[in-house]
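Visitor: Quick note: my numbering has the sequence shown finishing at residue 1277, numbered continuously throughout.
Note that beta-carbon positions come from the ideal geometry of N, C-alpha and C, so glycine has one too.
What follows is a single structure, and I will ask about it in a moment.
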Amino acid sequence: MYHIERAIFDIRRGLPVVVKAGDQQLLVQALEGGESVNELTRLSGSRPSLVLTRHRLDAMGVSITSDAAYLPLAAQMDEGALHTLAVAQVAPGDAPTLLSGLQPAGTAERAALALMRRALLIPAALIAVVGDKAAEGIAQQLAKGELLAVDASDAESCLNGAPGMLKRVSEARIPLEDAAESRFVLFREPDGLREHVAVVIGRPEAHTEAVPLRMHSACLTGDLFGSLRCDCGEQLRNAVADIEAMGGGVLLYLAQEGRGIGLANKLRAYTLQDDGLDTVDADQMLGFGDDERDYAVAVDMLHALDISRVQLLTNNPLKMQALSEGGIEVVARQALYGRLTDQNHRYLNAKATRAGHFLEEVLSSK
912 MYHIERAIFD IRRGLPVVVK AGDQQLLVQA LEGGESVNEL TRLSGSRPSL VLTRHRLDAM
972 GVSITSDAAY LPLAAQMDEG ALHTLAVAQV APGDAPTLLS GLQPAGTAER AALALMRRAL
1032 LIPAALIAVV GDKAAEGIAQ QLAKGELLAV DASDAESCLN GAPGMLKRVS EARIPLEDAA
1092 ESRFVLFREP DGLREHVAVV IGRPEAHTEA VPLRMHSACL TGDLFGSLRC DCGEQLRNAV
1152 ADIEAMGGGV LLYLAQEGRG IGLANKLRAY TLQDDGLDTV DADQMLGFGD DERDYAVAVD
1212 MLHALDISRV QLLTNNPLKM QALSEGGIEV VARQALYGRL TDQNHRYLNA KATRAGHFLE
1272 EVLSSK
């Protein structure tokens, strides 16, 4: 795990890492802030390829049977062309020309994408096979600690987290405007990358049948700045008030910005939405699935708080399913709405029609 954590930090800094799969060694780096294609060619002794997810390829009108594929890059490939392939909105009719020569991804290529996802970067990776002539130089850099090597299987599993390893770090009494008797309990994931907060309101233990629970994914733009593009901020405040009115409960504030894609990618998705895509299609155009969140961390937090039966405040069926699969009994569901506005109507409609959220009541109010 230690090497994977270091690799993620190196990748976020724009540094290449070595991914090993059997006898094969790949140099892997992010598109964001990394070395140029020519520099990666020099280091590896071979021409790089670009790994793309199935979601990105689907959005470009190219169907594949595997989770990912890689494209050997032409010698004249520049950063602008890479951006077009990995991030830009591309018309399906243009994709076959741009993507001729696609190859199905193997273990090492999938591992490269897993590292990008865990690092909250664009899920596309530059890779280059370490050639025979470059192998000695790479080995020397590894020995000196100038490069880091990770096993492909370890890298692939980094998205799964470490169930049961969440660390309870600190807590304090935090009186809230809508819930004066509240306590914040901070949990940290074992790789140190993400921290989550359980807001314990009132006396949850007084609920003998089921504890009122809200699982709220962090939304900087909505929660803090009152963005009109979503209803997150209102849902957050309404949840606190509702839980207080119900006699106490728990709000899990999860570090899962943008349905798990991170703030930088959420802003990229907003730009694509301004160009006409809905929230689901925008995420897929960037290479992500409909929802990248893993709620296992929420299950671990509830176990740590000794909560096993809940009344869930949500409109999202996936949250109910995830808790049930994690051994948390969802006794009842309570709807939780924000205001429907001209600015968020398209977003909420996409969540209802594309992701199955229970929003019929609020959408029919306009």
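With the cut-off set at 8 Å, would you say residue 1024 and residue 1069 are in Cβ contact?
Guide: no
Visitor: Quick check on DSSP: helix, strand or coil for residue 1087?
Guide: Residue state, collapsed to three classes: coil.
Visitor: Is the segment 1142-1151 touching the segment 1195-1205, taking contact as three or more C-beta pairs under 8 Å?
Guide: No contact exists between the segment 1142-1151 and the segment 1195-1205.
Visitor: Relative to the alpha-carbon of residue 960, which residue among 1107, 1089, 992 has its alpha-carbon at the smallest distance?
Guide: 992
Visitor: Count Cβ pairs between the segment 1159-1167 and the segment 1105-1114 that sit closer than 8 Å; are there 3 or more?
Guide: Contact between the segment 1159-1167 and the segment 1105-1114 is present: three or more C-beta pairs spanning the two stretches fall below 8 Å.
Visitor: If you drop the 5 nearest sequence neighbours on each side, which residues of the same chain put their C-beta closer than 7 Å to that of residue 1099?
Guide: 1078, 1080, 1106
Visitor: I think residue 1274 touches residue 1263, with their Cβ atoms under 8 Å apart; what is that distance to the nearest whole Å?
Guide: Indeed they touch by this definition, with Cβ atoms about 6 Å apart.
Visitor: Could you give the distance in angstroms between the alpha-carbon of residue 1221 and the alpha-carbon of residue 1059?
Guide: 44 Å
Visitor: CB-CB under 7 Å to residue 1155, same chain, minus the five flanking residues each way: which ones, in chain order?
Guide: 1089, 1090, 1112, 1113
Visitor: Indicate the three-state DSSP secondary structure (helix, strand or coil) for residue 1174 in the structure shown.
Guide: helix
Visitor: Starting from residue 1220, follow the alpha helix (DSSP H) in both directions and report where the run begins and ends.
Guide: First-last for residue 1220: 1220-1224, but that is the beta strand (DSSP E), not the alpha helix (DSSP H).
Visitor: Using the beta-carbon count (16 or more within 10 Å), is residue 983 buried or exposed?
Guide: exposed
Visitor: Leaving aside the five residues before and after residue 1137 along the sequence, list all residues of the same chain whose C-beta is less than 7 Å from its C-beta, in chain order.
Guide: Here the set comprises 1144.
Visitor: On the criterion of 16 or more Cβ atoms from any shown chain inside 10 Å, does residue 907 qualify as buried, or is it exposed?
Guide: The chain is shown only over 912 to 1277; residue 907 falls outside these bounds and no answer can be derived.
Visitor: Buried or exposed: residue 1196, going by 16 or more other Cβ atoms within 10 Å of its Cβ?
Guide: buried
Visitor: Pull the bridge partners of residue 1285 from the DSSP assignment, please.
Guide: Not covered by the structure: residue 1285. The range shown for the chain is 912 to 1277.
Visitor: Starting from residue 1038, follow the beta strand (DSSP E) in both directions and report where the run begins and ends.
Guide: 1035-1040
Visitor: So, for residue 1001: in the same chain, excluding its five sequence neighbours on each side, which residues have a beta-carbon less than 6 Å away from its beta-carbon?
Guide: 971
Visitor: Would you be able to state if there are at least three C-beta pairs under 8 Å between the segment 1030-1040 and the segment 948-962?
Guide: Yes, the segment 948-962 is in contact with the segment 1030-1040.
Visitor: Can you give the Cα-Cα distance for residue 1084 and residue 1094, rounded to whole angstroms?
Guide: Rounded to the nearest whole angstrom, the CA to CA distance from residue 1084 to residue 1094 is 4 Å.
Visitor: Going residue by residue through the segment 1135-1191, where are the continuous beta strand (DSSP E) segments of at least 3 residues, counting only ones entirely within it?
Guide: 1159-1165
Visitor: Evaluate residue 1044 with the Cβ neighbour count: other Cβ atoms within 10 Å of its Cβ, from every protein chain shown; 16 or more gives buried, anything less gives exposed.
Guide: exposed
Visitor: Assuming the contact rule is C-beta atoms closer than 8 Å, residue 975 and residue 965 should be a hit. Round their C-beta distance to whole Å, please.
Guide: 6 Å
Visitor: Taking residue 1241 as the reference, which of 1005, 1139, 1218, 1248 has the closest Cα?
Guide: 1218
Visitor: Tell me the DSSP secondary structure of residue 1027 in three-state form.
Guide: Reduced to three states, the DSSP call for residue 1027 is helix.
Visitor: Span of the alpha helix (DSSP H) holding residue 1228?
Guide: 1228-1236
Visitor: From 1052, 1210, 1198, 1189, pick the residue whose C-alpha is nearest to that of residue 1176; which is it?
Guide: When only C-alpha atoms are compared, the closest one is 1198.
Visitor: Would you kindly work out how many angstroms separate the C-alpha atoms of residue 1006 and residue 994, rounded to a whole number?
Guide: 14 Å
Visitor: Would you report the Cα separation of residue 1170 and residue 920, rounded to the nearest angstrom?
Guide: 22 Å
Visitor: In whole angstroms, give me the CA-to-CA distance for residue 1064 and residue 929.
Guide: 13 Å
Visitor: Between the C-alpha atoms of residue 1010 and residue 969, what's the straight-line distance to the nearest angstrom?
Guide: 12 Å
Visitor: So, helix, strand or coil for residue 1113, using DSSP?
Guide: strand
Visitor: Under 8 Å, do residue 1035 and residue 937 count as touching if we go by C-beta distance?
Guide: In this structure, residue 1035 keeps its C-beta atom at 8 Å or more from the C-beta atom of residue 937.
Visitor: I'd like the list of long-range same chain contacts for residue 1123, defined as Cβ closer than 6 Å, with 5 residues on each side in sequence excluded.
Guide: 1154, 1157, 1160, 1222
Visitor: Among 1132, 931, 1245, 1118, which residue has its Cα nearest to the Cα of residue 1228?
Guide: 1245
Visitor: So who's on the other strand from residue 1127, going by DSSP bridges?
Guide: By DSSP's assignment, residue 1127 forms a beta bridge with 1164.
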